[in-house]
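All residue numbers for the sequence shown refer to this note's numbering, where the first residue is 0 and numbers rise by one.
The C-beta atom is built at its ideal place from N, Cα and C for all residues, glycine as well.
Source: prediction; values computed, not measured.
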Amino acid sequence: MTIKYFRRHFMNRTGNRIYSACALMMIIFLLVGAAGCSTEAKIERHWKKAEKYYSEEKFREAAIEYKNIIKLKPTHATAYYKLAMCQLNMRMFQEAFANMSRAIELDPKMIDARHHLGTLYLLSGQTDKAREQAMAILKIDSTKSLGHMLLGSIYLKENNLGKAIEESLKAVQGDKKMEAYLQLSRLYELNRDLNQAEVMLKQAVKFDDTKQKTRFALAEFYVRTGKKEPAEQEYLQAVRNSPKDSVAAMKLGSFYVLTGRMNEAEKQFIRGVELSPGNASLRVKIPAILPYWLGWRIFIWTKRS
Numbered sequence: 000m001t002i003k004y005f006r007r008h009f010m011n012r013t014g015n016r017i018y019s020a021c022a023l024m025m026i027i028f029l030l031v032g033a034a035g036c037s038t039e040a041k042i043e044r045h046w047k048k049a050e051k052y053y054s055e056e057k058f059r060e061a062a063i064e065y066k067n068i069i070k071l072k073p074t075h076a077t078a079y080y081k082l083a084m085c086q087l088n089m090r091m092f093q094e095a096f097a098n099m100s101r102a103i104e105l106d107p108k109m110i111d112a113r114h115h116l117g118t119l120y121l122l123s124g125q126t127d128k129a130r131e132q133a134m135a136i137l138k139i140d141s142t143k144s145l146g147h148m149l150l151g152s153i154y155l156k157e158n159n160l161g162k163a164i165e166e167s168l169k170a171v172q173g174d175k176k177m178e179a180y181l182q183l184s185r186l187y188e189l190n191r192d193l194n195q196a197e198v199m200l201k202q203a204v205k206f207d208d209t210k211q212k213t214r215f216a217l218a219e220f221y222v223r224t225g226k227k228e229p230a231e232q233e234y235l236q237a238v239r240n241s242p243k244d245s246v247a248a249m250k251l252g253s254f255y256v257l258t259g260r261m262n263e264a265e266k267q268f269i270r271g272v273e274l275s276p277g278n279a280s281l282r283v284k285i286p287a288i289l290p291y292w293l294g295w296r297i298f299i300w301t302k303r304s
């Protein structure tokens, strides 16, 4: 066998092998890359659907989408957290606890998850474990309101109202001012300091972008303390702020029922149903809220419409 023959045949075979190996590696690389792109695209699609459902308070549908994300990516901490939030809203507390815990395992710096887990511990009477979560939040970032708010709730559970107020006052210096002021208002009301409770609620309104949640809280405070005129003004302002919000109309209607102004109540309830014609729960609730004759009068009207 000549050197020329050996070189030609051996090199051809070797070259073919190298070419085949390179081609195989390229195919594997492309397949893996395509699979990765496909997985990320699927996650993004499920995430968009889940967030849309969540914003519409369709928690069961949102939960399904978050579970789909977890199947695709079992280390997706935020998906576990949002799944737990859906379950909290559906009062599935054991499932929420498990998924909130898993979110923290995957991302120990997830402050919102720690706050909710601490609250679940507190509700179950495990104040020591709740305090662990509060202290963990403050260790991550001492300026975060949620750590102080959770500590305030723990002190309240322990019947230490003074310390609860003290921690909540620290919370208003942090990032969750609206929520902290709302908590303070409840604490001052429990302490029978109604003037300070009112001041805290008015402060909360300033930090509420929508002006709805806090305004309703202020109106309800006025109702509880017998101040019907300012209560009505807050409900009316809520309706003016969001003229297409059925909730605002229904709350104003409920206030009119409470004060015996049935004709005005009827107008607001009908308006609320007109603003949310697809909301079947409104049609069911109206007869329960109103006196029998007026409730069924509106109910029949909504069925005809």
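Inset, instruction - Only counting runs of 4 or more residues, tell me where the alpha helix (DSSP H) segments fall wholly within the stretch 127-181, in order along the chain. - result: Within the stretch 127-181, the complete alpha helix (DSSP H) runs of at least 4 residues are 144-156, 160-170.
Inset, instruction - Decide yes or no for the touch test of the stretch 88-101 against the stretch 129-139: beta carbon pairs closer than 8 Å, at least 3 of them. - result: The answer is no - the stretch 129-139 does not touch the stretch 88-101, with fewer than three Cβ pairs under 8 Å.
Inset, instruction - Determine the direct distance from the alpha carbon of residue 37 to that of residue 213, and round the result to whole angstroms. - result: Between the alpha carbons of residue 213 and residue 37 lies a distance of about 44 Å.
Legend entry - C-alpha gap between residue 41 and residue 47, whole angstroms: Pairing residue 41 with residue 47, the inter-Cα distance amounts to about 10 Å.
Legend entry - Enclosing alpha helix (DSSP H) for residue 114 [first to last residue]: Counting along the chain, the alpha helix (DSSP H) containing residue 114 begins and ends at 110-122.
Inset, instruction - Alpha carbon to alpha carbon, how far is residue 257 from residue 156? Give it in angstroms, no decimals. - result: Here the C-alpha atom of residue 156 lies approximately 32 Å from the C-alpha atom of residue 257.
Legend entry - Opening and closing residue of the alpha helix (DSSP H) in which residue 191 lies: Element bounds for residue 191: n/a, residue is neither H nor E.
Legend entry - Candidates 93, 147, 276: closest to residue 245 by CA position: Cα-wise, what sits closest to residue 245 is 276.
Legend entry - Through-space distance from residue 167 to residue 206, alpha-carbon basis: For residue 206 and residue 167, the distance between alpha carbons rounds to 16 Å.
Inset, instruction - Determine the closest residue to residue 104 out of 75, 165, 160, with distance taken between C-alpha atoms. - result: Of the candidates 75, 165, 160, the one whose C-alpha sits nearest the C-alpha of residue 104 is 75.
Inset, instruction - Look at the Cβ atom of residue 147, then the Cβ atom of residue 162, and state whether they are nearer than 8 Å. - result: Going by C-beta atoms, residue 147 is not nearer than 8 Å to residue 162.
Legend entry - Span separating the alpha-carbon of residue 204 from that of residue 179: Between residue 204 and residue 179, the C-alpha separation is close to 12 Å.
Inset, instruction - Pull up the distance between the alpha-carbon of residue 49 and that of residue 143, whole angstroms please. - result: The straight-line gap separating the alpha-carbon atoms of residue 49 and residue 143 is approximately 27 Å.
Inset, instruction - Under the assumption that residue 102 contacts residue 120 (Cβ atoms under 8 Å), give the Cβ distance between them as a whole number of angstroms. - result: Going by Cβ atoms, the distance from residue 102 to residue 120 rounds to 15 Å, so no, they are not a contact pair.
Inset, instruction - Note down the Cα distance separating residue 122 from residue 177, rounded to an integer number of angstroms. - result: If I take the Cα positions, the gap works out to 23 Å.
Inset, instruction - Measure the C-alpha to C-alpha separation of residue 224 and residue 211 and round it to an integer number of angstroms. - result: Residue 224 and residue 211: Cα-Cα distance of roughly 20 Å.
Inset, instruction - Run the CB neighbour count on residue 197, radius 10 Å, all protein chains shown included, and call it buried at 16 or more, exposed below. - result: Classification of residue 197: buried, given that the 10 Å Cβ count is 16 or more.
Inset, instruction - Report the three-state DSSP secondary structure of residue 38 (helix, strand or coil). - result: Residue state, collapsed to three classes: helix.
Legend entry - Euclidean distance between Cα positions of residue 53 and residue 85: Approximately 8 Å, taken between the alpha carbons.
Inset, instruction - Classify residue 209 as helix, strand or coil using the three-state DSSP reduction. - result: Note: residue 209 maps to coil in three-state DSSP.
Legend entry - Span of the alpha helix (DSSP H) around residue 107: No alpha helix (DSSP H) holds residue 107; DSSP gives it neither H nor E.
Inset, instruction - Can you give me the start and stop residues for the alpha helix (DSSP H) that residue 229 sits inside? - result: Residue 229: member of the alpha helix (DSSP H) spanning 227-240, first to last residue.
Legend entry - Residue interval of the alpha helix (DSSP H) (run including residue 86): That run of the alpha helix (DSSP H) goes 76-88.
Legend entry - Start and end residues, alpha helix (DSSP H) containing residue 56: That residue, residue 56, is in no alpha helix (DSSP H); it is neither H nor E in DSSP.
Inset, instruction - Report all residues from its chain with a CB closer than 6 Å to the CB of residue 267; omit the five preceding and five following residues, and keep chain order. - result: So the qualifying residues of the chain are 248, 251, 252.
Legend entry - residue 68 and residue 61 closer than 8 Å at C-beta: In this structure, residue 61 does not lie closer than 8 Å to residue 68 by Cβ.
Legend entry - Integer Cβ distance of residue 254 from residue 230, believed to fall under 8 Å: That pair is a contact at about 7 Å.
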